[in-house]
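Down below is the structure, laid out as structure tokens.
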Amino acid sequence: MKKFEIGDEVTVLDDSFSGKVKGFKNGKIVIETREGFDLDFEEHELVKISGGGELKSLFSSQSLSSVLRDKEEPKKRSFVKERRSKKDEFVLEVDLHIEKLVPNKKGMSNYDILTLQTETAKRQLDFAIKNRMPKVVFIHGVGEGILKAELDFLLGRYDNIVFGDANYQKYGLGATEVYIKQNPNR
């Protein structure tokens, strides 16, 4: 005895498809969805909607409509704000290595490269200040120290920030950490 017959209304257990049984092919059941697509499913993936006698035994404590409603509507999540420690706060990390900023530095002079790096640093710092981020780390590398000196000059022009070398264990010598004071009037 077949569990499903042509014309039965069915729904797919783990998906949002439903439709009518159209036929059988290679041991699978072909259903035509309400949108008009033919899809193949295994018998255990389908539940018959019409003639809900079989469903009553599966869901004796629930009505068919509540089962289908649960299937269609995603559960609402509760949003409880959690307190985070200082360690967990978001840190904007900006890698100023030229390879990270442009796909190809061919044809760029050292002046062009330094200008792009400092403009990127300024833009990212302005973004962090505007969005009230507490901390930014600029990764500049060790090199000859030209970019670090330029970065120090740029950061010196800002009020309400404090900067210094970043965590050595995490970034090594080639990074500068910037703390943004959020309430400068206090």
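Position one of the sequence shown corresponds to residue 1 (full-length UniProt numbering), numbered consecutively onward.
Using N, Cα and C, we set each Cβ at its ideal position, and we do this for glycine too.
In this text the structure is predicted, and so the values were computed from the model without any measurement.
Bridge partners - residue i, DSSP secondary structure assignment
{"i": "Phe-163", "result": "Val-178"}
{"i": "Val-30", "result": "Gly-23, Asp-40"}
{"i": "Phe-138", "result": "Val-94, Thr-176"}
{"i": "Glu-9", "result": "Lys-20"}
DSSP-derived helix/strand/coil call for residue i
{"i": "Glu-43", "result": "helix"}
{"i": "Gln-169", "result": "helix"}
{"i": "Asp-95", "result": "strand"}
{"i": "Lys-48", "result": "strand"}
{"i": "Arg-123", "result": "helix"}
{"i": "Asn-110", "result": "helix"}
{"i": "Asp-152", "result": "helix"}
{"i": "Lys-105", "result": "coil"}
{"i": "Lys-130", "result": "helix"}
{"i": "Ala-100", "result": "The sequence as given places Lys at residue 100; Ala does not occur at that position. DSSP places Lys-100 in helix when its eight states are reduced to three."}
{"i": "Lys-56", "result": "Residue confidence is low: Lys-56 scores 49 on pLDDT, short of 50, so the model does not pin down where it sits. No coordinate-derived value is stated."}
{"i": "Asn-183", "result": "coil"}
{"i": "Lys-3", "result": "coil"}
Given residue i as reference, the closest of the options once Cα atoms are compared
{"i": "Phe-4", "options": "Val-21, Phe-17, Val-12", "result": "Val-21"}
{"i": "Ala-121", "options": "Ile-6, Ser-109, Leu-154", "result": "Leu-154"}
{"i": "Gly-23", "options": "Asp-152, Asp-38, Phe-17", "result": "Asp-38"}
{"i": "Asp-15", "options": "Asn-104, Arg-34, Glu-45, Lys-181", "result": "Glu-45"}
{"i": "Phe-127", "options": "Glu-93, Ile-49, His-97", "result": "Glu-93"}
{"i": "Gln-182", "options": "Lys-148, Val-142, Ala-149, Ile-129", "result": "Ile-129"}
{"i": "Glu-42", "options": "Asn-110, Leu-151, Val-12", "result": "Val-12"}
{"i": "Leu-96", "options": "Tyr-111, Asn-104, Glu-144, Lys-148", "result": "Lys-148"}
{"i": "Gly-156", "options": "Asp-8, Met-108, Ile-180", "result": "Ile-180"}
{"i": "Asn-160", "options": "Glu-144, Ala-166, Leu-151, Val-178", "result": "Val-178"}
{"i": "Ile-146", "options": "Gly-36, Ala-175, Ser-18", "result": "Ala-175"}
Inter-residue CB distance, residue i and residue j (contact presumed, cutoff 8 Å)
{"i": "Phe-90", "j": "Met-133", "result": "7 Å"}
{"i": "Asp-40", "j": "Val-30", "result": "6 Å"}
{"i": "Leu-116", "j": "Leu-101", "result": "6 Å"}
Practice item. For the segment 134–148 and the segment 166–181, state whether three or more C-beta atom pairs, one from each stretch, are separated by less than 8 Å. Key: A contact exists between the segment 134–148 and the segment 166–181.
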